[in-house]
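Everything in the sequence shown is counted per UniProt numbering, starting at 1 for the first residue and increasing by one.
Cβ atoms here follow ideal geometry from the backbone N, Cα and C, with glycine treated the same way.
Right, one structure below, let's go through it.
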Amino acid sequence: MRLIGIFVLVFSLGIDTLLVAVALGAAGVVSKLRIVAVFTTAEACTPIVGLLVGYLFGYGLGHWASILGGALLMAVGLWQFVHEGDESEPQHASQLAGWTLLITAVSISLDEFAVGFSIGFLHIPVLLTMALIALQAFIVTWFGLKFGARLRPCFGEWVEKLPAVVLGLLGVWMLIDAFVRR
1 MRLIGIFVLV FSLGIDTLLV AVALGAAGVV SKLRIVAVFT TAEACTPIVG
51 LLVGYLFGYG LGHWASILGG ALLMAVGLWQ FVHEGDESEP QHASQLAGWT
101 LLITAVSISL DEFAVGFSIG FLHIPVLLTM ALIALQAFIV TWFGLKFGAR
151 LRPCFGEWVE KLPAVVLGLL GVWMLIDAFV RR
C-alpha cells in the first residue's frame, strides 16, 4: 500500500469521529480538551490492540468488532437520548464524561481496531500509520467540536439531542454495514 493509500485509509477512519465531534460541539460540550484527549487516545490505541489481537486470534473477530461497535454506539445513543434533559441526571451531553465518554470513544474507534487487526497483513508501516491515525483523530475531533459549537445557535434547543441521534444512527449504519459485508 503506497503512502497515498495510507492517507486515504487514515482519512476514512476519521469520518465517524468528525460526525460525533460536530454533534457534541453543537450540543455545547464543556470539556473539549478532555474529549479531544480521550478520542485521540482511543483512536491511536485501538489499532495497536487490534494488531495484537489479530496476531493472537486470527481474523475471526474483525466482523464481530463491527457488530459490537454498532451495538455500543446504539446503546450509548439511546441512553443519551432518553436521559438528556432529565433533571435528576447530573450529566448531560454538554458534560460528556466518565463511562459515557469512554464508551463513546471506544465505540467510534472500533473501525481502527479492525484496521489494526489486519495491518500486519497489509504490509504498511505500523508506526507511521498509528501516528497518522492519532494526528487525524486530534484534528477531526478538535475541528468537529469547534465547528459544532458554531452551529449551535442555528439549531436551538433540540440540538441537545443531536449527539444521541448521531451516535444511534452511526451504530445502525455500522450494524447494517457489518451484515451486508458478511
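Query raised in the report: The alpha helix (DSSP H) with V106 in it runs from where to where?
Result: Position 106 of the sequence shown, counted from the start, is the residue given in the question as residue 106. G98 to I108 is the extent of the alpha helix (DSSP H) around V106.
Query raised in the report: What are the start and end residues of the alpha helix (DSSP H) that includes P163?
Result: Translated into the one-based positions of the sequence shown, residue 163 becomes position 163. Residues L162 to R181.
Report task. Compute the beta-carbon to beta-carbon distance between G77 and A164, rounded to the nearest angstrom, for a pair I have assumed lies under 8 angstroms. Result -> Reading the sequence shown from its first residue, position 77 is the one you call residue 77. Reading the sequence shown from its first residue, position 164 is the one you call residue 164. Yes, they are in contact, since the Cβ atoms of G77 and A164 sit about 5 angstroms apart, within 8 angstroms.
Report task. Can you grab the Cα-Cα spacing for the pair L127 / F117, in whole Å? Result -> As a position in the sequence shown, residue 127 is number 127, starting the count at 1. As a position in the sequence shown, residue 117 is number 117, starting the count at 1. Going from the Cα of L127 to the Cα of F117 covers about 14 angstroms.
**Report entry** Rounded distance between the beta-carbons of F113 and G171, thought under 8 angstroms
**Finding:** As a first step, residue 171 is located in the sequence shown; it is residue number 171 there, counting from the start. As a first step, residue 113 is located in the sequence shown; it is residue number 113 there, counting from the start. Their Cβ separation, rounded to whole angstroms, is 15 angstroms, which puts G171 and F113 out of contact at 8 angstroms.
Report task. Return the CA-CA distance between L56 and V29, expressed in angstroms with no decimal places. Result -> Working through the sequence shown from its first residue, we reach residue 56 at position 56. Working through the sequence shown from its first residue, we reach residue 29 at position 29. When rounded, the distance between both Cα atoms is 39 angstroms.
Query raised in the report: DSSP state of G28, grouped into three classes?
Result: By 1-based counting over the sequence shown, the position of residue 28 is 28. Residue state, collapsed to three classes: coil.
Requested in this report: Please classify H92: does DSSP put it in a helix, a strand, or coil?
Outcome: Translated into positions along the sequence shown, residue 92 becomes position 92. Low local confidence applies: a pLDDT of 49 at H92 is under 50, so the model's placement there is unreliable, and no value is given.
Query raised in the report: Where does S107 land, buried or exposed, given buried means 16+ other C-beta within 10 angstroms?
Result: Taking the first residue of the sequence shown as position 1, residue 107 is located at position 107. Burial call: buried.
Query raised in the report: If we call anything under 7 angstroms between Cβ atoms a contact, is T141 one with A21?
Result: As a working mapping, residue 141 is identified with position 141 in the sequence shown. As a working mapping, residue 21 is identified with position 21 in the sequence shown. It is a contact, given that the beta carbons lie within the stated cut-off.
Requested in this report: Over the uninterrupted alpha helix (DSSP H) stretch that includes I6, give me the two end residues.
Outcome: Position 6 of the sequence shown, counted from the start, is the residue given in the question as residue 6. Where I6 is concerned, the enclosing alpha helix (DSSP H) stretches over L3 to L13.
Query raised in the report: Around the C-beta of G14, are 16 or more other C-beta atoms found within 10 angstroms, so that it is buried, or is it exposed?
Result: Along the sequence shown, read from residue 1 onward, the residue named residue 14 stands at position 14. Its Cβ being crowded by 16 or more others within 10 Å, G14 is buried.
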